[in-house]
Amino acid sequence: MTDELSLAPTPEVMEFGELRIRYDARVLRPRAWTTAQSAWGAELLRGGPEGPVLELCTGAGQIGLLTIARERRRLVAVDLNPVACEHARYNAEQAGLADLVEVREGAVDAVLDTEERFALVQADPPWVRRTETGRFPEDPLLAIDGGDDGLTLARTCVASAGEHLLDGGSLLLQLGSREQATTLDAELSPSAGLALVEVREFERGVVAHLLRTR
Ligand SMILES: C[S@@+](CC[C@H](N)C(=O)[O-])C[C@H]1O[C@@H](n2cnc3c(N)ncnc32)[C@H](O)[C@@H]1O
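If you count by my numbering, then the sequence shown holds residues 22 to 235, one letter each, in order.
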């Protein structure tokens with residue numbers, strides 16, 4: 022006889038910076054290079070406003086958790102996948118950060134209160150074009166399907182950061198290429214109060230830094 026628990030894939034654990042992160046095949050496998058996104062986030066927090074961190078599309082939680090392990094802040098971590106949220110809560114506990122972390126299960130644009138403000142938004146949305154997701158058969162579709170041009174959820178993350186960043190706060194947005202960052206930059210409306218200040222290239226993606234200017 023099978024039940025939901027016996028059907029669950031075996032959990033795996035990997036080192037992510039100084040943290041140990043649990044995940045399984047129902048979420049995206051943590052990628053070692055993304056420790057650089059956490060390191061950059063911690064650096065921006067040290068030079069930015071006081072305030073908590075928001076991580077959109079947190080998966081197993083590792084990027085946000087490593088950020089606040091290095092620069093202690095409160096963290097709100099959001100993901101639509103309940104399995105990802107379960108891992109993120111577990112990983113926060115294992116890292117001794119549970120008191121600082123609130124994991125919210127739901128869509129990026131549905132789980133924040135209008136008045137909430139953050140010093141840093143870390144965002145790791147799916148960024149693969151829908152027609153190309155077949156190139157990554159091992160990755161869960163929800164974690165990689167970025168819609169027609171790969172930017173559907175990235176746009177939602179930018180809009181969310183525009184609404185919820187403190188003045189002087191930063192959005193670090195993970196994308197697939199510099200071209201995607203350029204596309205989003207061209208779409209930024211002046212009323213969003215966000216400016217693209219830097220794009221860093223890594224082995225399998227880029228991270229764009231957008232600053233909240235007013
Ligand atoms: C590229 S993965 C990133 C996961 C993790 N941050 C990492 O780097 O390994 C994208 C994540 O977005 C989540 N996701 C997809 N659509 C979402 C939505 N509308 N709202 C919130 N999370 C969503 C997926 O479940 C997945 O965990």
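Virtual Cβ for every residue (Gly too), placed ideally from N, Cα, C. Fair warning: this is a prediction, and the values are worked out from it, not measured in the lab.
Here R156 carries a helix assignment [DSSP, helix/strand/coil]. Only residues of its own chain outside the window of five on either side were considered, and among them V220, V227 have a CB closer than 6 Å to the CB of R199, listed in chain order. Taking C-beta atoms as the reference points, Q58 and Q195 count as a pair closer than 8 Å. Relative to the non-hydrogen atoms of ligand 1, the Cβ of C106 never comes closer than 7 Å to any of them.
Here E36 is not near A63, since their CB atoms are 8 Å or more apart. Of L49, A207, P32, N102, the smallest CA-CA separation from P158 is found for L49. With contact defined as three or more Cβ pairs closer than 8 Å, the region 125-141 and the region 178-190 are in contact. Each residue's CA atom was taken as its position, placing A116 and L215 some 32 Å apart. Under the three-state reduction of DSSP, V132 is assigned to coil, being neither helix nor strand.
Its chain contains V179, A180, G183 as the residues whose beta carbon lies nearer than 8 Å to that of A213, once the 5 sequence neighbours on both sides are disregarded; these appear in chain order. In the DSSP assignment, A144 forms a beta bridge with L77, L194.
A direct Cα-to-Cα measurement between D188 and E126 gives close to 27 Å. A straight-line Cα-Cα distance of about 8 Å links C106 and V99.
Scanning V129, A175, S191, A144 for the CA closest to the CA of R150 turns up A175. Taking G72 as reference, the option from D169, V142, P51, T154 with the minimal CA-CA separation is V142.
Counting other Cβ atoms within 10 Å of its Cβ, T31 stays below 16 and is therefore classed as exposed. Between A113 and L86, the CB-CB gap stays under 8 Å. In the three-state scheme derived from DSSP, where H, G and I count as helix and E and B as strand, R110 is classed as helix. A direct Cα-Cα distance of roughly 32 Å separates L28 from D169.
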